[in-house]
Amino acid sequence: MTRKQGRWPKIDQDGGIEDVTLLILEWLGEQGVNAMIRVDAERVADNAPAWTFAASGGPLKHGMRTDGSAMQQCMSAALARLREAGLSVPF
1 MTRKQGRWPK
11 IDQDGGIEDV
21 TLLILEWLGE
31 QGVNAMIRVD
41 AERVADNAPA
51 WTFAASGGPL
61 KHGMRTDGSA
71 MQQCMSAALA
81 RLREAGLSVP
91 F
């Protein structure tokens, strides 16, 4: 991972969270947070919330997980929880 400053592209304000999810994951990694988002094919087949975001380490006192039926729903909930935990995610 590079340590360049000011490399974040301008975000299309009309786009959704899906446009910045990888940037969020990269930013979290730079803060020392281990993070991932995944989709579970078995849960898709069962019509269950198939998307999961998980994070731990760095400034997070406890690990966290959010689930959602759509990636946007999952990441929106994850951002809210990250902010509640004191991380000012810049996206």
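Sequential numbering from 1 applies to the sequence shown in the working numbering.
For glycine and all other residues, C-beta sits at the position ideal for the given N, C-alpha and C.
Closest by C-alpha distance to SER69, out of PHE53, LEU79, GLY58, ARG81, is PHE53. Of GLU84, SER76, PRO59, GLY58, the smallest CA-CA separation from ILE17 is found for SER76. By DSSP's assignment, SER88 forms no beta bridge with any residue.
Looking from the CA of ASP67, the closest CA among VAL20, ASP19, VAL33, ILE37 belongs to ILE37. In this structure, DSSP gives SER76 a helical state, which the three-state scheme calls helix. VAL44 counts as exposed, since fewer than 16 other C-beta atoms from the protein chains shown sit within 10 angstroms of its C-beta.
The alpha-carbon of LEU60 is positioned some 7 Å away from that of ALA85. Judged by beta-carbon spacing, GLY63 lies beyond the 8 Å limit of GLY32, meaning their Cβ atoms are not closer than that value. In the three-state reduction of the DSSP assignment, VAL33 falls in the coil class.
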